[in-house]
Amino acid sequence: MLKKILKEIDQYSRLFYHHVALPYLLWLGLEMFLLLILVLSQLSALDNMTAMKEISESTKQFNQQNLAINFHAIKMMFFGLLGIPFGGVVVRGIFYGIDYYGKIRKGNRL
121 MLKKILKEID QYSRLFYHHV ALPYLLWLGL EMFLLLILVL SQLSALDNMT AMKEISESTK
181 QFNQQNLAIN FHAIKMMFFG LLGIPFGGVV VRGIFYGIDY YGKIRKGNRL
């Protein structure tokens, strides 16, 4: 009996890893890479802005506001992209739970 339960837990943990955790980690790695590229491009724009000493004060203020908006957009995009796979994890977990519950109700334990 205990051996059957452990086998079932092992099977569902493998299923969870392959269908939920692994895609989420791959998505997170891709997202971090893209964010790194975006942040580095914004930092290079900041370096270019400080390198130009001759531009007017109003242009400097406009560029600083623009950079602040871009960083805010990057932060919001990060949290938005982070939510996409998390929602998928919740939905998949619900479906696996329903599937597991249905197998228990029918008496078809693995």
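Using the working numbering, you'd call the opening residue of the sequence shown number 121 and step up by one each time.
Glycine is no exception: its CB is placed at the ideal position from the N, C-alpha and C atoms.
Nothing here was measured: the structure is a model prediction, and the numbers come from that model.
Assuming residue 194 and residue 155 make a contact with CB atoms under 8 Å, what is their CB distance in whole Å?
7 Å
If you measure between the beta carbons of residue 187 and residue 162, is that distance less than 8 Å?
yes
If you draw a straight line from the C-alpha of residue 214 to the C-alpha of residue 134, how long is it?
16 Å
Measuring CB to CB, does residue 212 end up less than 8 Å from residue 138?
no
Does residue 196 come out as helix, strand or coil in the three-state DSSP assignment?
helix
Measuring CA to CA, which of 189, 122, 123, 181 is closest to residue 159?
By alpha-carbon distance to residue 159, the top candidate from 189, 122, 123, 181 is 189.
Below 8 Å on the Cβ atoms is my guess for residue 132 versus residue 216; work out the distance and round it to an integer in Å.
7 Å
Can you tell me whether residue 121 is helix, strand or coil according to DSSP?
coil
If we require 4 or more residues per run, which alpha helix (DSSP H) segments fall completely within the stretch 138-163?
With a minimum length of 4 residues, no continuous alpha helix (DSSP H) run stays inside the stretch 138-163.
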